[in-house]
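Participant:
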Amino acid sequence: MAENGARKAYDQEVASDLAEREERRKKRMKCFAYVAAFAVFHTAVILVFALVVMKVRMPKFRVRSAAFEDFQVSTLNTNASFSTKMIAELSVKNANFGRYKYQNSTIEFFYQNYKVGEAVVPRGKANFRSTKKFVIPVDLSSANVPGDVLGNELSQHAWIPLTSRATLRGKLMLMLIFKKNKSTDMNCTMNLNISSRQLQDLKCS
Ligand SMILES: *[C@@H]1O[C@H](CO)[C@@H](O)[C@H](O)[C@H]1NC(C)=O
Ligand SMILES: *[C@@H]1O[C@H](CO)[C@@H](O)[C@H](O)[C@H]1NC(C)=O
Ligand SMILES: *[C@@H]1O[C@H](CO)[C@@H](O)[C@H](O)[C@H]1NC(C)=O
Ligand SMILES: *[C@@H]1O[C@H](CO)[C@@H](O)[C@H](O)[C@H]1NC(C)=O
Ligand SMILES: *[C@@H]1O[C@H](CO)[C@@H](O)[C@H](O)[C@H]1NC(C)=O
89 MAENGARKAY
99 DQEVASDLAE
109 REERRKKRMK
119 CFAYVAAFAV
129 FHTAVILVFA
139 LVVMKVRMPK
149 FRVRSAAFED
159 FQVSTLNTNA
169 SFSTKMIAEL
179 SVKNANFGRY
189 KYQNSTIEFF
199 YQNYKVGEAV
209 VPRGKANFRS
219 TKKFVIPVDL
229 SSANVPGDVL
239 GNELSQHAWI
249 PLTSRATLRG
259 KLMLMLIFKK
269 NKSTDMNCTM
279 NLNISSRQLQ
289 DLKCS
């Protein structure tokens, strides 16, 4: 009888020991599962961060539109000329997760390879994922263009093809701490329609 009781107590002890061990094993597995899940989550967060937030996107500098004042044009075949004050609306589009601060620069307009105007682009900044728009006046004139070259152009159609070029140099601030130099080129083509006195076919690359 006494022996039987001792045996029972022993069995119970073994059983509870097993249960305890099983409990600990389960706890360890759970712990591993948490650690693994956290590692996966962490990796995903870092990947998203690297691929989306820290990715450097080229800021885009372009001419958006323009209005003209004091428009003068002569279509003489041998001695054509034009002059006007262009009120150009420009934009700097910044798709980055951080602001883009750029230095002052110069924008130049050309007819073929002849410069027909230039203006200072004041320094400024385009905020976190936004487009900064501003207006600058540019005096356009065919003073550097031989009159017969322009005359030949205007004898064929009533518009003057122009291009605009500029380089913006600046700094990109990612996540408020990482600074990166980034410069961007403007390269736009447009036609100045001399009968409507408007810009048309404006394209920037
Ligand atoms: C061409 O026209 C401009 C004014 O538009 C004038 O000053 C210039 O003398 C002319 N040149 C010739 C060669 O006719
Ligand atoms: C920018 O401004 C500085 C001084 O304000 C001037 O020296 C420099 O030539 C300007 N740069 C351009 C590209 O206009
Ligand atoms: C960034 O550009 C500035 C001048 O604008 C220059 O002094 C600096 O060394 C450049 N930094 C890097 C990392 O290229
Ligand atoms: C500007 O873009 C035109 C096409 O849109 C291209 O033919 C030309 O080479 C570009 N110029 C520069 C300086 O990138
Ligand atoms: C220039 O403007 C005139 C007047 O608005 C228009 O009739 C003409 O089609 C335009 N030219 C081109 C090449 O679109």
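What the sequence shown shows, in the working numbering, is residues 89 to 293, in sequence order. From the three backbone atoms N, C-alpha and C, an ideal C-beta is built for every residue, glycine too.
To the nearest angstrom, how far is the alpha carbon of Thr219 from that of His130?
Facilitator: Roughly 32 Å separates the two Cα atoms.
Participant: Identify which residue in Val233, Lys213, Pro147 and Asn182 has its Cα closest to the Cα of Ile248.
Facilitator: The candidate whose alpha carbon is nearest that of Ile248 is Val233.
Participant: Is it buried or exposed, Asn267, if we count other Cβ atoms within 10 angstroms and call 16 or more buried?
Facilitator: Correcting the residue type first, residue 267 is Lys in the shown sequence and not Asn. The residue in question, Lys267, is exposed, as its Cβ has fewer than 16 Cβ neighbours within 10 Å.
Participant: Taking 8 Å as the threshold (C-beta atoms), are Val208 and Asn184 in contact?
Facilitator: No, these two residues do not count as a Cβ contact at 8 Å.
Participant: Measuring CA to CA, which of Glu241, Met261, Ser293 and Met263 is closest to Thr272?
Facilitator: Ranking Glu241, Met261, Ser293 and Met263 by Cα distance to Thr272 puts Ser293 first.
Participant: Tell me which same chain residues have a C-beta within less than 8 Å of the C-beta of Val223, skipping the five on either side of it?
Facilitator: Same-chain partners within the cutoff: Ile175, Ala176, Glu177 and Leu178.
Participant: Can the beta-carbon of Met278 be found less than 8 Å from the beta-carbon of Asp289?
Facilitator: Contact: yes.
Participant: DSSP three-state label for Gln288, please.
Facilitator: Three-state DSSP puts Gln288 in a strand.
Participant: When the Cβ atoms of the stretch 237 to 252 are set against those of the stretch 160 to 173, are three or more pairs found closer than 8 Å?
Facilitator: Because the criterion of three Cβ pairs below 8 Å is met, the stretch 237 to 252 and the stretch 160 to 173 touch.
Participant: Taking 6 Å as the limit between beta carbons, can you name the residues of its chain near Leu135, skipping five residues before and five after?
Facilitator: Result list for Leu135: empty, nothing under 6 Å.
Participant: When the distance is taken between beta carbons, is Leu260 closer than 8 Å to Gly205?
Facilitator: In this structure, Leu260 does not lie closer than 8 Å to Gly205 by Cβ.
Participant: For a test of your reading of the model: does the CB of Asn192 fall under 7 Å from any non-hydrogen atom of ligand 2? Yes or no.
Facilitator: Yes, Cβ of Asn192 sits closer than 7 Å to a heavy atom of ligand 2.
Participant: For Glu196 and Ala154, what's the separation of their Cα atoms in angstroms?
Facilitator: Going from the Cα of Glu196 to the Cα of Ala154 covers about 14 Å.
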